[in-house]
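K.L.:
A single structure is presented below for examination.
Protein chains in written order, with my numbering: chain A, 8 to 600; chain B, 45 to 408.
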């Protein structure tokens with residue numbers, strides 16, 4: 008979050024001339040970020056997690072990062088190369104940021120803020136002013152903020168051979184400290200690895216000595232890489248022939264898949280479960296990607312298709328009174344028979360939802376589809392549909408899928424099911440993207456009227472987008488049902504739609520690797536940092552705003568998209584109408600070749 | 045009508061039947077289905093006569109009460125849309141911020157007994173705090189989140205607005221807790237006054253009065269003041285308005301301030317009606333109010349008022365009138381269903397609303 012905020016701060020300060028006013032702006036923004044984090048309750052939570060046991064908590068690390076980035080922001084915006092000119096504004100920026108936090112601590116001591124802001128606890132106060140009381144604690148905050156900012160500025164200006172290793176080393180320490188539980192679980196007890204583990208970790212987390220070791224090793228590695236290996240590696244890649252490059256790419260994909268297959272075995276069932284959830288969101292992301300990323304149809308009712316897939320699986324396979332088998336002549340199906348039917352049901356519902364909103368465009372479409380999604384949830388939850396769908400209690404006792412006599416009960420085994428489904432879906436998505444239909448979608452996205460004028464059948468193309476997008480969600484829903492072995496309406500909130508939307512926007516609209524990156528960042532990460540789970544939606548909100556402002560093409564944009572955004576439409580996200588129209592024309596002429 | 049005339053109109057109809065596609069079939073089925081539910085349900089309910097005049101009156105009054113709250117929120121949507129062509133997705137949450145800040149004042153007043161002693165003064169103070177908060181937050185969202193998207197077309201502004209909505213909700217959840225907080229419930233509010241021979245709770249009269257006063261003030265501002273004229277000019281044609289020397293930035297800020305103030309009043313009213321505040325409370329009324337704004341004709345101020353009232357009444361009377369009659373159990377659970385169906389029907393079949401035809405032509 009801080010990197011993005013720094014960028015915002017940079018932009019806001021760009022207009023002002025004086026370096027001190029600019030520094031003041033940077034300090035204020037970062038101070039507000041720190042105070043916001045404390046008030047909302049992120050900082051207290053972070054404080055509960057150690058990076059290095061009894062030395063630095065994650066909360067401290069965040070505050071230190073804010074101090075450092077104050078200096079870095081000042082340094083990045085100052086052109087003067089002499090360091091002594093940089094130092095005073097950095098001092099000011101860090102000092103101001105520290106002063107705002109100091110003001111917060113003062114206010115917490117004087118006013119009964121706790122009664123309104125539940126996060127401002129005495130523990131937080133102690134963590135913020137080091138238990139030093141009013142004047143001294145505040146002074147320490149301001150001084151340390153100022154010093155950290157100078158350090159940050161110095162680091163930004165340091166030669167790469169020094170800066171890279173330090174940053175990489177710090178990052179490694181933070182990762183090894185924060186994810187210590189997972190890393191420790193992954194290390195089997197007994198033998199050499201256990202000895203290694205015990206030298207770095209206690210059961211609580213990273214020891215000071217361990218942190219130093221990790222820092223030195225990582226820094227050394229980064230140093231060796233930047234100074235010697237990187238140049239040589241690049242040289243070798245440059246000399247590869249196209250055929251060799253293709254082979255290298257295939258090998259990378261193979262290694263990646265192998266890693267995905269092996270990781271849950273090594274890392275245990277918890278990681279397997281997280282990866283499975285990420286896989287489900289990747290599936291849904293690929294579906295919404297067809298609708299939003301390719302066809303430009305912003306669908307906020309996407310969760311409805313997920314729900315249809317889950318409920319269809321439930322009523323076809325469950326061992327309960329709501330199952331079709333219990334009150335009709337239809338036999339109870341196995342999961343493998345039910346899954347295609349569930350996907351088909353989602354497609355049908357997708358098309359049925361698509362038809363009425365065919366003529367609705369842009370932001371109206373978003374609201375209309377959201378309304379449709381909410382209607383589905385309200386109906387499923389009501390007593391009216393309770394005899395069929397179980398009402399608020401949902402449908403229980405959905406059996407796990409079986410292969411032969413073997414039941415896929417373990418989350419890791421279900422993960423492999425998800426992985427296989429994702430692989431198939433990814434293949435389809437990839438082929439669709441480069442197909443005639445995919446290019447027709449993109450033309451519709453860029454300009455509907457021009458696309459129609461050039462002979463694209465809007466009805467067919469749009470309905471296909473809704474239907475195929477829904478198929479992916481239905482597949483995800485079907486797996487979701489057997490994962491939980493039960494379905495209930497509260498799993499199918501609008502939040503799921505927003506979640507999927509956020510992940511494709513963060514990853515990059517219209518880009519398959521982007522979907523994976525987005526799902527890992529937005530679903531996997533909050534799942535691993537369990538206690539921050541309740542803040543994930545805050546994180547999504549910030550991610551949506553910041554991505555739209557700073558990097559509308561996403562973290563891993565598709566090649567086409569990048570080309571459009573950078574070369575043709577300039578900086579703006581979706582270009583001017585004439586450009587969009589021109590783009591649509593070109594797409595269609597591609598199509599007719 | 046003579047047979048000849050009928051025949052003449054019939055011939056082109058038949059020839060156009062070949063172009064009557066599957067899509068049209070579904071759309072007509074939707075129309076007919078909704079009409080059948082409305083008519084069949086109403087007839088069924090009225091024949092059964094389960095509800096007496098008192099109950100219908102209560103439904104109606106509650107509908108008008110909710111409708112005036114929706115109207116206040118819808119005004120914010122419609123004005124911002126008029127000026128910026130942006131669905132301010134976070135507007136419902138701006139209403140929530142007003143309700144929340146009002147809660148802290150109201151709880152303090154209720155604790156000290158001020159809310160019972162100086163009723164009018166206390167309510168005005170609560171409203172003032174709520175209006176101040178939601179106006180501030182509306183202005184902040186405009187400045188920090190929406191202004192950079194002023195000239196960006198496409199989905200980016202809407203996605204940003206969705207982000208703002210989440211950001212506001214989650215900020216309030218983090219700062220004030222995820223639980224539901226009970227709004228103070230002073231006794232005098234549940235007392236009744238006699239209107240047309242029926243007893244109406246004072247609270248509902250108060251809400252309607254507050255909404256009417258706010259809307260009257262707003263109407264005068266929009267129609268009579270210089271700034272209001274500028275606002276209407278910008279929503280007519282922003283470029284031309286800028287050429288005529290209107291400071292569009294100022295107008296946008298002013299619009300957000302007005303919308304935020306209305307949302308503040310609405311938030312307090314909504315919270316007093318339902319006696320609770322929580323971080324997610326703004327979402328559903330926000331979406332419904334957007335529907336009301338579209339229903340009235342987005343961009344039209346009187347349209348938003350009418351649309352809000354209509355939505356409130358339909359939503360309040362609907363479950364009993366339409367759904368009970370066709371034998372649906374627990375129809376009140378489906379109140380939101382009626383509102384959302386209305387929203388979708390409007391978006392599909394009459395996106396330009398009742399009073400907004402001019403706007404719609406320009407959009408298309």
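For glycine and all other residues, C-beta sits at the position ideal for the given N, C-alpha and C.
What is the C-beta distance between residue 161 of chain A and residue 100 of chain A, in whole angstroms, given that I count them as a contact (C-beta under 8 Å)?
P.N.:
Between residue 100 of chain A and residue 161 of chain A the Cβ distance is about 13 Å, and since that is not below 8 Å, they are no contact.
K.L.:
Consult DSSP for residue 89 of chain A and reduce its assignment to one of helix, strand or coil.
P.N.:
Reduced to three states, the DSSP call for residue 89 of chain A is coil.
K.L.:
Curious, which full-length beta strand (DSSP E) runs of at least 3 residues does the segment 134-171 of chain B contain?
P.N.:
Qualifying beta strand (DSSP E) stretches: none in this window.
K.L.:
At 7 Å on the CB atoms, spell out the chain B contacts of residue 292 of chain A, in chain order.
P.N.:
Simply none; closest approach about 15 Å.
K.L.:
Taking DSSP as the reference, what is the three-state secondary structure of residue 227 of chain B?
P.N.:
Residue 227 of chain B falls in the coil class under three-state DSSP.
K.L.:
So for residue 59 of chain A, helix, strand or coil by DSSP?
P.N.:
Residue 59 of chain A: strand per DSSP, three-state reduction.
K.L.:
If you drop the 5 nearest sequence neighbours on each side, which residues of the same chain put their C-beta closer than 8 Å to that of residue 320 of chain B?
P.N.:
Around residue 320 of chain B: 224, 225, 226 and 227.
K.L.:
Closest Cβ-Cβ distance between residue 215 of chain B and chain A: below 8 Å?
P.N.:
So, interface residue.
K.L.:
Considering Cα atoms alone, identify which of A:53, A:38 and A:498 is closest to residue 149 of chain A.
P.N.:
Among A:53, A:38 and A:498, the Cα nearest to that of residue 149 of chain A belongs to A:38.
K.L.:
Taking Cβ-Cβ distances shorter than 8 Å, what residues in chain B pair up with residue 73 of chain A?
P.N.:
Here the premise fails: no neighbours, minimum Cβ distance about 18 Å.
K.L.:
Just checking: is the beta-carbon of residue 50 of chain B within a distance shorter than 8 Å of some beta-carbon in chain A?
P.N.:
Because the pLDDT at residue 50 of chain B is just 42, under 50, the model does not fix this residue reliably, and the value given afterwards should be weighed accordingly. Answer no: the Cβ-Cβ gap between residue 50 of chain B and chain A never drops below 8 Å.
K.L.:
Which residues of chain A have a Cβ atom closer than 7 Å to the Cβ of residue 323 of chain B, listed in chain order?
P.N.:
Per Cβ cutoff of 7 Å: no residues; residue 323 of chain B is ~10 Å from chain A at best.
K.L.:
May I ask you to list the residues that DSSP assigns as paired with residue 131 of chain A?
P.N.:
In the DSSP output, where bridge partners are listed per residue, residue 131 of chain A has none listed.
K.L.:
Is residue 413 of chain A helix, strand or coil when you go by DSSP?
P.N.:
In this structure, residue 413 of chain A counts as strand in the three-state DSSP scheme.
K.L.:
Can you tell me which of A:128, A:527 and A:490 puts its alpha carbon nearest to the alpha carbon of residue 316 of chain A?
P.N.:
Cα-wise, what sits closest to residue 316 of chain A is A:490.
K.L.:
Using 8 Å as the Cβ pair cut-off and three pairs as the minimum, do the segment 99-119 of chain A and the segment 70-78 of chain A touch?
P.N.:
Contact holds: three or more Cβ-Cβ distances are below 8 Å.
K.L.:
Please work out which residues of its chain come closer than 7 Å, Cβ to Cβ, to residue 5 of chain A, disregarding the five sequence neighbours upstream and downstream, and give them in chain order.
P.N.:
Here chain A covers residues 8 to 600 and nothing more, so residue 5 of chain A does not appear.
K.L.:
How many Å lie between residue 137 of chain B and residue 325 of chain B at the Cα?
P.N.:
About 8 Å.
K.L.:
Taking the straight line between their C-alpha atoms, what separation do you get for residue 58 of chain A and residue 214 of chain A?
P.N.:
Taking the straight line joining both Cα atoms gives about 9 Å.
K.L.:
Run through DSSP, which three-state label would residue 76 of chain A get?
P.N.:
Three-state DSSP puts residue 76 of chain A in a helix.
K.L.:
What's the gap between the Cα of residue 56 of chain A and the Cα of residue 384 of chain A?
P.N.:
If I take the Cα positions, the gap works out to 37 Å.
K.L.:
Judging by CA-CA distance, which residue of B:67, B:69, B:104 and B:82 is the nearest neighbour of residue 242 of chain B?
P.N.:
Nearest of B:67, B:69, B:104 and B:82 to residue 242 of chain B, Cα basis: B:104.
K.L.:
Does residue 380 of chain B have its Cβ less than 8 Å from a Cβ in chain A?
P.N.:
Chain A contact via Cβ: present.
K.L.:
From the DSSP output, in three-state form, read off residue 208 of chain A for me.
P.N.:
Of the three classes helix, strand and coil, the one that applies to residue 208 of chain A here is strand, per DSSP.
K.L.:
Take the Cβ of residue 92 of chain B as the centre, count every other Cβ of all protein chains shown within 10 Å, and call the residue buried at 16 or more, exposed below.
P.N.:
Result: exposed.
K.L.:
Could you tell me which of A:125, A:143 and A:93 sits nearest to residue 113 of chain A, measuring between CA atoms?
P.N.:
With distances taken between Cα atoms, residue 113 of chain A lies closest to A:143.
K.L.:
Step through the CB atoms of chain A and report whether any lies within less than 8 Å of the CB of residue 67 of chain B.
P.N.:
Output row for residue 67 of chain B: interface = yes.
K.L.:
Do you know offhand how far residue 231 of chain A's Cα is from residue 173 of chain A's?
P.N.:
Going from the Cα of residue 231 of chain A to the Cα of residue 173 of chain A covers about 13 Å.
K.L.:
What are the boundary residues of the beta strand (DSSP E) that includes residue 237 of chain B?
P.N.:
Here the beta strand (DSSP E) through residue 237 of chain B covers 236-239.
K.L.:
Where residue 324 of chain A and residue 341 of chain A are concerned, what is the direct C-alpha to C-alpha distance, given to the nearest angstrom?
P.N.:
The alpha-carbon atoms of residue 324 of chain A and residue 341 of chain A are separated by roughly 6 Å.
K.L.:
For residue 189 of chain B, which residues in chain A fall below 7 Å Cβ to Cβ?
P.N.:
Correct list: 552.
K.L.:
Decide if residue 261 of chain A is buried, meaning its Cβ has at least 16 other Cβ atoms within 10 Å, or exposed.
P.N.:
Exposed, since its Cβ has fewer than 16 Cβ neighbours within 10 Å.
K.L.:
Whole angstroms are fine: how far does the CA of residue 276 of chain A sit from the CA of residue 474 of chain A?
P.N.:
Rounded to whole angstroms, residue 474 of chain A to residue 276 of chain A spans 34 Å at the Cα level.
K.L.:
Work out the CA separation of residue 48 of chain A and residue 339 of chain A for me, nearest whole Å.
P.N.:
About 49 Å.
K.L.:
Do residue 355 of chain A and residue 527 of chain A come within 8 Å of each other at the CB atom, strictly closer than that value?
P.N.:
Cβ atoms of residue 527 of chain A and residue 355 of chain A: not closer than 8 Å.
K.L.:
Use the C-beta contact count for residue 65 of chain A: other C-beta atoms within 10 angstroms, 16 or more gives buried, fewer gives exposed.
P.N.:
Buried, because 16 or more other Cβ atoms sit within 10 Å of the Cβ of residue 65 of chain A.
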